[in-house]
Amino acid sequence: MKVDTKRHGRKRVTAAVGIAAVVLAVLGAGQGAAQSVSFEQLLIARETTAVLERDGVVIAGIAGGGLLFAPAADPGAWQRLSAGDELSGNDVSDLAWTGENVWVATRGGGLTRITDVAGARDFRQFASSRNALDVTAVAGNVVNGVERVYYGLAGGGVGLISDGAPRTVYTTNDGLVSDDVTTLAVIGDVLYVGTPQGVSRFADNFFTTVNDSLGDLGINDLAVESDGHLLAGTESGLFRWDEAGETWSVVAGQTNPVREISCRDGFIYVRLAGTIREFDGSVWRVVSGPTGQVTALHAGASLWSGGTIVTDDPTGFDLRSAYLARHASVTSFTHWEVDAMQTPSPWGVAMSGDTPYIGTFSFESVLSHPGADAWVHNRFQSTSSTDPTRLPAGQILSAEAGPDGDVWIGLYSGTGLGRVDAEDGTVTAMNRLNSGLRGQHVINVRVHPDGPVITMHDQTDTLKVEILVDPANWSSAGSWLAVPNARLGAVESTDINDTVVQRRDVIWFAVSDVGLVRWDINGASAGPDDPLTWFDDSDDSWITVTSVTGASQSLGAAFALEAGADGTIWVGGNGLLQFRYDEAARRATAVTSLLGKELVDVIGLVDGNVVDLARDFNGDMWVAASTGVNRVRGSGAGVEVDAYLDLANYMASDANRAFYSSSAIRPLPGQVYRRICASADRRRILVSANQGVSLITVGRDTGGGAGGAVATAYVYPNPYLGGQVDGGLKLGGLDGDVTARVEIYNLEGQLVYQAEDVAPGEGFWTGINRVGQDVTTGMYLVRVVVDGMAQAFPLSVVR
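In this text, residue positions in the sequence shown follow the numbering used here: the first is 419, and each later residue adds one.
Printed below as a string of structure tokens:
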């Protein structure tokens, strides 16, 4: 990892984004060696939300960026952990040390327990199968050898985990002053809960409200002083709780809004709106820090702060980077900035060579990609609508690299088309004032193998498809072709969702409410090797396909198109459809048809709402659906489907209850998936989601191997009548001389049982957990591992 020393104690670090080696505890790693797949998460790091120092290790939580670990002696040597590695979520909201373990709270992703932070580090995730755990705060301690952890929920009250076992969730029905928990603190066996309605005290299994003399009921933070007194930070100042008198009082005249508190060795540190102040018992002092917004504070062996550094960009936008600072005194500090992607809401993605380009959905118009030493951010705002060097503000809904590596950007909301030169980063902006482009709402962009750029528009634009036939002369109106709407069957309310070049002279369009439109540029009298007659429509052939024989999908709902390696066309929309088109008969016949998965024993997709498609170099189809990603291997009756998703978010929806019996389920960051694309050699797949971007490297399909063996494994009987089956649960589907490790998890991600070297037909489980107690009726997840490869499938236990 390269660390560059900058001005005045300022350092910039590039956070290590490692290949996902460990996934959610529910499933673990495991992918057939025959088709190896590795994952790398590309996440933002624009704001530090929490800091904790423990046992010589400093930990920083990032909003949307996971967790950064580093030696406290060398904070620049970061290692980033994410939901694709060990964490339950990437949006870290709080950190806590209980005296036994470190706990990580995440918004929407639940909790992660980290044991031995300075050593081997063991992780366990706590997530809900019923609803997303939007954890706002965490605190705990060890009493009489039992670790008790309390976690606060946004609108959900306070939950308890006792010695690793989830217990009760307390709400206003139990006397809590508000279910919207902002902060927690534990003193001995007493819990204090901060909310917008004040403070609740929980002792002897009973809640009381303790707001007497509290100036502002909105509690930003709670902390415990070195002498054991409770402090509260509110918008009207810092308050101390008098347990005996049961009242609050202002601390040393500090009436500024207090956002966070941390205490050490008789000192109190508070984070105000933009500064840190230190109180030594008599005097308040301002603690100098980096120029930027302070969003996190922690007094450990050193005083640490974190936040956002804002750097002026030459294009007029501010770049925001998360930072961590160590304070040697009130006037001396060193800080480190985290170099990362600057796209807070990723949408459009492209691969130029092996370099991923990621565009934002927000109007900031940010296109980011990793450079040799640091991320490069193309961030632009137009000062002149005719200035071709300034990319105007707009949502980057699509991007694609051309054959020369240049990246083309589709900009929505009245802005047009952009191009980034892959060699020097030069940006060119095209709109209806400086070029022949007439439409302003580009929802998708594709590049023809010869170089022409196809722009697709939504119902806002009159023209639905425009093609830049000669990109070198983009400013000339004669370089642009406006495809007649009548050829597409388009009307005012029509969107053109996607296009695919089946062969050099044949292009397919997905036209909303119409179907698929096939355009033969040269007509039947010429072939794909002949010069393309873009501007001569006399030889064009246009055919509209509204149905596919043998398929139930509506082509009017088609949203994504991709060409198969065998000349077939794949269509995504309400499910996934592969068809073969007979030019002579003008008939489309289905080869493969998949819908959203609803039943355990039926092959299907993560869900039927397919938003994008990409084909890898093995010929496998990668399918981005709204709640996850599938890889479809083979076709027809021999099709196999792998699922890749954020399991915690997926299982939080009541609609998603069908597990996958394919060989791999890995978590990806996100609740909503948007775009997917392949590199030119189709060896790398890039997928964007609302919580981040994943870069997937695909290995060669060699066939055979143990991957095929493990894919046939199953357990029986299923459902399992716990304790009522002779010999217990058995393993099937493997050769007689093969043994496996079998793990059983509940839907909270907890390991219930594990057995090594299980042979086929051998009873290995009788419905008990690891401490010999009967498990309850419900759904469980079985993971079978053979030679490092894994399969996961559901198990129903009935008592």
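Note that beta-carbon positions come from the ideal geometry of N, C-alpha and C, so glycine has one too. Everything numeric in this text was worked out from a predicted model, so none of it was measured.
A straight line joining the alpha-carbon of V611 with that of R585 spans about 17 angstroms. With 16 or more other Cβ atoms inside 10 Å of its own Cβ, A758 counts as buried. If you ignore the 5 residues before and after V918, its C-beta comes within less than 8 angstroms of the C-beta of R864, I925, W926, L979, E980, A981, I987, all in its own chain and listed in chain order. T873 is not a Cβ neighbour of L815, given a cutoff of 8 angstroms.
When secondary structure is reduced to three states using DSSP, G577 falls in the strand class. Straight through space, the alpha carbons of V1189 and V1215 are spaced by roughly 18 angstroms.
When the Cα atoms are used, H795 and V756 turn out to be separated by approximately 14 angstroms. When secondary structure is reduced to three states using DSSP, D1060 falls in the strand class. For A621, the enclosing beta strand (DSSP E) stretches over residues 616-621. Residue range 903-906 is occupied by the alpha helix (DSSP H) that includes L906.
Our two residues, S780 and I861, have alpha carbons roughly 14 angstroms apart in a direct line. Annotation for Q711: the continuous beta strand (DSSP E) segment containing it runs 711-717.
Residue burial annotation: F544 is buried, with at least 16 other C-beta atoms found within 10 angstroms of its C-beta. In this structure, DSSP gives A488 an extended state, which the three-state scheme calls strand. According to DSSP, G1014 shares a beta bridge with L1023. The Cβ atoms of V883 and V901 sit closer than 8 angstroms to each other. It is roughly 19 angstroms from the alpha-carbon of L1113 to the alpha-carbon of L485. Classified as exposed, N591 has fewer than 16 neighbouring CB atoms from the shown chains inside 10 Å of its CB.
DSSP, read as helix, strand or coil, puts T590 in helix.
In the three-state reduction of the DSSP assignment, G974 falls in the helix class. CA-CA distance, G671 to V688, rounds to 13 angstroms. Here D772 is exposed, its C-beta having fewer than 16 other C-beta atoms within 10 Å. Closest option to T554, judged by alpha-carbon separation, among Q459, E518, S456, D512: D512. If the five residues before and after Q971 are omitted, its C-beta is found closer than 6 angstroms to the C-beta atoms of N992, G993, L995, all from its own chain and listed in chain order. In the three-state reduction of the DSSP assignment, G1196 falls in the strand class. For N862, the three-state secondary structure derived from DSSP is strand.
By the C-beta criterion, the segment 589-603 is judged to be in contact with the segment 639-655, since at least 3 inter-stretch pairs fall below 8 angstroms. Here Y568 is buried, its C-beta having at least 16 other C-beta atoms within 10 Å. G528: member of the beta strand (DSSP E) spanning 528-533, first to last residue. Here E1001 is exposed: its Cβ has fewer than 16 other Cβ atoms, across all protein chains shown, within 10 Å. Contact between E1174 and K1148 is ruled out by a C-beta separation of about 16 angstroms, above the 8 angstroms threshold. Listed in chain order, the non-local C-beta contacts of D683 below 7 angstroms within the same chain comprise S644, local neighbours out to five positions each way being set aside. Membership of F927 in the beta strand (DSSP E) is indicated by the continuous run 924-929. Counting along the chain, L785 sits inside the beta strand (DSSP E) bounded by residues 784-788. Counting along the chain, the unbroken beta strand (DSSP E) around E471 starts and ends at 466-472.
In the structure shown, S770 falls within a strand segment according to DSSP collapsed to helix, strand and coil.
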